[in-house]
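2 protein chains.
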Amino acid sequence: MKRVSIKDIAQAVGVSTALVSYVLNNKEKEARVGQKIAEVIRVKARELGYQPNQIAKSLKTGRSQTIGLIVADISNPFFANIARTIEDEAKKYNYTVIFGSSDEAADKSQNLINILLERQVDGFIIAPTEGSEEQIRSLQDQRIPFVLIDRYFPDIQTNFVVTNNYQASYQAVRHLAGQHRKKIAMIAYKSELVHMKERERGYLDALKDSGLDSDLNLVKEISYNFIQREVGEVMGQLMRGHPDIDAFFFGSNALSMGGLRYLNRNNYRIPETISVVCFDESEAFDLFYAPLTFVNQPLLEMGKEAVRILAEQISGKQPQLDQVFVDSALIVREKH
Amino acid sequence: MKRVSIKDIAQAVGVSTALVSYVLNNKEKEARVGQKIAEVIRVKARELGYQPNQIAKSLKTGRSQTIGLIVADISNPFFANIARTIEDEAKKYNYTVIFGSSDEAADKSQNLINILLERQVDGFIIAPTEGSEEQIRSLQDQRIPFVLIDRYFPDIQTNFVVTNNYQASYQAVRHLAGQHRKKIAMIAYKSELVHMKERERGYLDALKDSGLDSDLNLVKEISYNFIQREVGEVMGQLMRGHPDIDAFFFGSNALSMGGLRYLNRNNYRIPETISVVCFDESEAFDLFYAPLTFVNQPLLEMGKEAVRILAEQISGKQPQLDQVFVDSALIVREKH
Numbered sequence: 289m290k291r292v293s294i295k296d297i298a299q300a301v302g303v304s305t306a307l308v309s310y311v312l313n314n315k316e317k318e319a320r321v322g323q324k325i326a327e328v329i330r331v332k333a334r335e336l337g338y339q340p341n342q343i344a345k346s347l348k349t350g351r352s353q354t355i356g357l358i359v360a361d362i363s364n365p366f367f368a369n370i371a372r373t374i375e376d377e378a379k380k381y382n383y384t385v386i387f388g389s390s391d392e393a394a395d396k397s398q399n400l401i402n403i404l405l406e407r408q409v410d411g412f413i414i415a416p417t418e419g420s421e422e423q424i425r426s427l428q429d430q431r432i433p434f435v436l437i438d439r440y441f442p443d444i445q446t447n448f449v450v451t452n453n454y455q456a457s458y459q460a461v462r463h464l465a466g467q468h469r470k471k472i473a474m475i476a477y478k479s480e481l482v483h484m485k486e487r488e489r490g491y492l493d494a495l496k497d498s499g500l501d502s503d504l505n506l507v508k509e510i511s512y513n514f515i516q517r518e519v520g521e522v523m524g525q526l527m528r529g530h531p532d533i534d535a536f537f538f539g540s541n542a543l544s545m546g547g548l549r550y551l552n553r554n555n556y557r558i559p560e561t562i563s564v565v566c567f568d569e570s571e572a573f574d575l576f577y578a579p580l581t582f583v584n585q586p587l588l589e590m591g592k593e594a595v596r597i598l599a600e601q602i603s604g605k606q607p608q609l610d611q612v613f614v615d616s617a618l619i620v621r622e623k624h
Numbered sequence: 289m290k291r292v293s294i295k296d297i298a299q300a301v302g303v304s305t306a307l308v309s310y311v312l313n314n315k316e317k318e319a320r321v322g323q324k325i326a327e328v329i330r331v332k333a334r335e336l337g338y339q340p341n342q343i344a345k346s347l348k349t350g351r352s353q354t355i356g357l358i359v360a361d362i363s364n365p366f367f368a369n370i371a372r373t374i375e376d377e378a379k380k381y382n383y384t385v386i387f388g389s390s391d392e393a394a395d396k397s398q399n400l401i402n403i404l405l406e407r408q409v410d411g412f413i414i415a416p417t418e419g420s421e422e423q424i425r426s427l428q429d430q431r432i433p434f435v436l437i438d439r440y441f442p443d444i445q446t447n448f449v450v451t452n453n454y455q456a457s458y459q460a461v462r463h464l465a466g467q468h469r470k471k472i473a474m475i476a477y478k479s480e481l482v483h484m485k486e487r488e489r490g491y492l493d494a495l496k497d498s499g500l501d502s503d504l505n506l507v508k509e510i511s512y513n514f515i516q517r518e519v520g521e522v523m524g525q526l527m528r529g530h531p532d533i534d535a536f537f538f539g540s541n542a543l544s545m546g547g548l549r550y551l552n553r554n555n556y557r558i559p560e561t562i563s564v565v566c567f568d569e570s571e572a573f574d575l576f577y578a579p580l581t582f583v584n585q586p587l588l589e590m591g592k593e594a595v596r597i598l599a600e601q602i603s604g605k606q607p608q609l610d611q612v613f614v615d616s617a618l619i620v621r622e623k624h
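These protein sequence lines are chains A and B, in that order. Here the working numbering = 1-based position in the first sequence + 288. Here the working numbering = 1-based position in the second sequence + 288.
Structure, rendered in structure tokens:
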């Protein structure tokens with residue numbers, strides 16, 4: 289497909305290329321182009337399928353008014369919903385969001401960063417994957433505006449917007465202990481990323497401060513790619529090894545779904561036999577027989593903050609670091 | 289931020305621009321460049337944050353190896369999951385997917401098409417919104433490869449991959465009638481798009497063929513943007529006007545969620561008092577107290593077919609139209 293040029297339009301209408309250029313760059317007033325001929329040129333440009341050369345335009349203004357969003361897994365409702373809030377928010381700044389999903393794989397993340405950079409995004413919002421530190425450092429070296437979301441790297445000084453994971457987990461597990469639960473297990477991801485480590489740390493500290501054993505054998509880590517298969521197995525092992533487990537803390541929405549399915553299948557009653565608190569929520573909770581207590585992450589606030597920080601960075605307003613920890617709320621719903 | 293050029297790298301290393309160009313275009317063997325100097329040039333290019341000019345590259349090969357995916361609403365699990373299958377599938381063809389969400393708004397859809405076109409995607413997979421016919425015609429006029437997914441326009445001859453919505457609805461409602469349900473209501477979207485119209489047509493024909501009244505008053509259409517608010521109200525009105533309703537057919541996953549919440553809140557027992565069939569599924573169904581019957585759309589097959597058709601179109605293999613109707617399966621789970 290040959291690209292339609294300004295010259296093609298000029299020839300088709302029978303005017304000079306300069307005239308077409310004035311009109312298509314909205315400078316017809318300065319150049320005193322008649323309204324009628326401007327309209328003819330616009331219609332013809334549309335007919336021929338003319339696409340303005342965004343690259344040339346961007347070089348002039350220095351902006352493309354697009355943001356690249358890289359989420360860790362678009363099929364996860366947490367990311368799908370945060371993508372939606374970021375879009376809605378970006379619209380207010382007149383930014384369009386184009387996004388990609390890294391599927392928690394560092395090589396896919398690098399590929400997406402390259403592709404979006406080549407396509408002249410003004411900046412990035414990224415939920416970084418394990419092992420993507422060098423990509424983030426490279427963005428810094430190139431002075432490309434970006435904000436991390438959901439996760440960050442403690443060793444790299446970047447802008448970020450994350451949940452206060454430690455505090456949220458701590459509060460959740462203290463709540464379980466307050467319900468007189470004595471043996472609280474945690475199901476987490478196998479991940480070196482700080483958000484998951486912080487959730488585990490909050491869990492362990494809450495046990496200690498509640499005077500309960502903080503037994504590392506009660507924390508089980510599941511591979512990200514095999515949640516549905518592994519959760520059931522791992523919980524089965526846990527319950528056989530520790531039949532006195534009376535509560536589960538699930539470290540994410542996907543882990544919660546797998547875990548609740550396991551408990552249902554094996555006829556554990558919630559909250560009578562087993563208490564449950566879920567990190568993050570799911571619309572599925574609304575259809576569950578028992579009201580579930582969960583950690584409510586403020587997606588709207590996270591999306592707003594991320595877009596604000598990025599927009600300030602792009603416009604050059606913001607030289608300092610902006611590191612935002614948003615607080616989650618524990619939504620207590622079970623009745624004892 | 290100034291773009292790093294080949295000249296910058298050449299100066300930094302102290303070699304000719306031709307030499308740098310050979311190396312960065314992987315032609316060092318042809319040009320007999322030493323391995324050591326090639327490595328030095330590559331390292332320096334990385335250090336300086338050199339980005340190859342994708343546009344120039346694309347003009348040479350005619351390909352950017354990227355696909356633009358425009359979904360109707362990324363926060364809807366149907367689209368989030370189909371985005372994931374399209375990504376996985378595209379990877380096999382060595383395509384990267386960048387996507388945008390139109391939020392069912394024609395102007396946003398046009399904006400995304402423009403932005404992705406300017407960024408040289410090789411083609412599109414689009415779930416078209418209401419009122420986007422001209423955008424689709426314009427893509428055709430420009431001979432840009434694309435495939436519609438989930439919805440299509442009967443008046444425009446395009447490639448598409450959609451569920452056989454009529455057949456799926458028909459089968460679902462015949463199933464309800466087979467369970468001796470006498471008054472079956474349908475909750476649908478307010479939409480002129482063919483997929484929703486076909487679901488309504490399937491419902492009405494199934495009623496007729498089952499010897500039941502097909503009363504248009506039993507079909508209620510909800511605004512897309514106010515599902516959660518409207519579903520409850522509308523169902524309340526329906527039940528008051530027709531207290532003998534004994535089954536609901538929900539026209540989408542979001543409508544099902546709202547509808548099930550209403551039935552729960554008002555203590556209707558499923559399936560004892562009210563039978564339910566949902567079009568499309570939700571992971572929430574797994575946590576519902578009653579096994580729910582639903583229309584299972586083959587997302588994997590839809591994603592595969594869409595990518596296959598688009599890849600064939602891009603490579604110029606496919607001159608004819610490829611219009612794929614995939615069959616859904618009715619997953620019957622309730623016990624009476």
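All C-beta atoms, glycine included, are put in the ideal place defined by N, C-alpha and C. Owing to the predicted nature of the structure, the values given are computational and were not obtained by experimental measurement.
Per the DSSP secondary-structure output, B:SER389 pairs in a beta bridge with B:VAL359. Sequence-distant Cβ neighbours of B:THR373 in its own chain, meaning closer than 6 Å and more than five residues away, are LEU587, LEU588, GLY591. For A:THR354, a Cβ of chain B is located within less than 8 Å of the residue's own Cβ. Boundaries for B:GLU418: no alpha helix (DSSP H) harbours it, and the DSSP string shows neither H nor E there. Uninterrupted beta strand (DSSP E) stretches at least 3 residues long and entirely within the segment 491-572 of chain A occur at 507-510, 535-538, 563-567, given in chain order.
At a cut-off of 8 Å between beta-carbon atoms, A:ILE386 makes contact with chain B. For B:ILE329, the enclosing alpha helix (DSSP H) covers residues 323-336.
Going by beta carbons, A:ALA473 and A:LEU526 fall inside the 8 Å limit. With respect to the 8 Å criterion, B:VAL321 and B:ILE355 are not classified as neighbours on the basis of their beta carbons. The Cβ neighbour count for B:LYS380, taken over all protein chains shown within 10 Å, is under 16; the residue is labelled exposed. Within the segment 354-379 of chain B, THR354, ILE362, SER363, PRO365, ALA368, ASN369, ALA371, ARG372, GLU375 place their CB atoms closer than 7 Å to a CB of chain A, listed in sequence order.
For B:VAL583, no alpha helix (DSSP H) segment is defined; the enclosing uninterrupted segment is the beta strand (DSSP E) at 581-584. Contacts with chain B at 8 Å (Cβ-Cβ) include A:ASN399. Chain A has no Cβ within less than 8 Å of the Cβ of B:ASP438. The beta carbons of B:ALA326 and B:ILE297 sit no closer together than 8 Å. Spanning the alpha carbons of A:ILE329 and B:GLY411 requires a straight line of approximately 27 Å.
Rounded to whole angstroms, B:GLN398 and B:LEU436 show a C-alpha spacing of 15 Å.
In the displayed model, B:GLN430 falls within coil according to three-state DSSP, outside both helix and strand. Ranked by Cα distance from B:THR561, the options B:ASP532, B:GLU569, B:PHE582 are led by B:ASP532. Under the Cβ criterion of 8 Å, B:GLN430 is counted among the residues facing chain A.
Here B:ASP438 is buried, its C-beta having at least 16 other C-beta atoms within 10 Å. Counted as a single uninterrupted DSSP element, the alpha helix (DSSP H) harbouring B:VAL461 occupies residues 453-466.
Taking the CA atoms as reference points, B:LEU307 sits about 47 Å from B:PHE367. Closest option to A:LYS485, judged by alpha-carbon separation, among A:GLU418, A:PHE573, A:ASN513, A:ARG431: A:GLU418. For B:GLY302, the secondary structure class from DSSP, reduced to helix, strand or coil, is coil. Using beta-carbon distances, B:ALA298 does not count as an interface residue toward chain A, since no partner is under 8 Å. Pairing A:LYS478 with A:GLU509 gives a Cβ-Cβ distance under 8 Å. Using a CB distance below 8 Å, the part of the segment 570-588 of chain B facing chain A consists of SER570, GLU571, ALA572, PHE573, ASP574, LEU575, PHE576, TYR577, ordered along the chain. For B:GLY337, at least one C-beta of chain A is nearer than 8 Å to its own C-beta.
DSSP places B:LEU436 in the strand class (E or B) of the three-state scheme.
Under the 10 Å beta carbon count, A:LYS396 is surrounded by 16 or more other beta carbons and is classified as buried. In terms of beta-carbon proximity, B:MET545 lines the interface with chain A, with at least one pair separated by less than 8 Å. Per DSSP, A:PHE613 is one residue of the beta strand (DSSP E) stretching across 611-614. According to DSSP, residue pairing for A:TYR477 in a beta bridge involves A:ILE510.
In terms of Cα proximity to A:LEU548, the closest of B:LEU495, B:VAL614, B:ALA572 is B:ALA572. In the three-state reduction of the DSSP assignment, A:ALA617 falls in the strand class.
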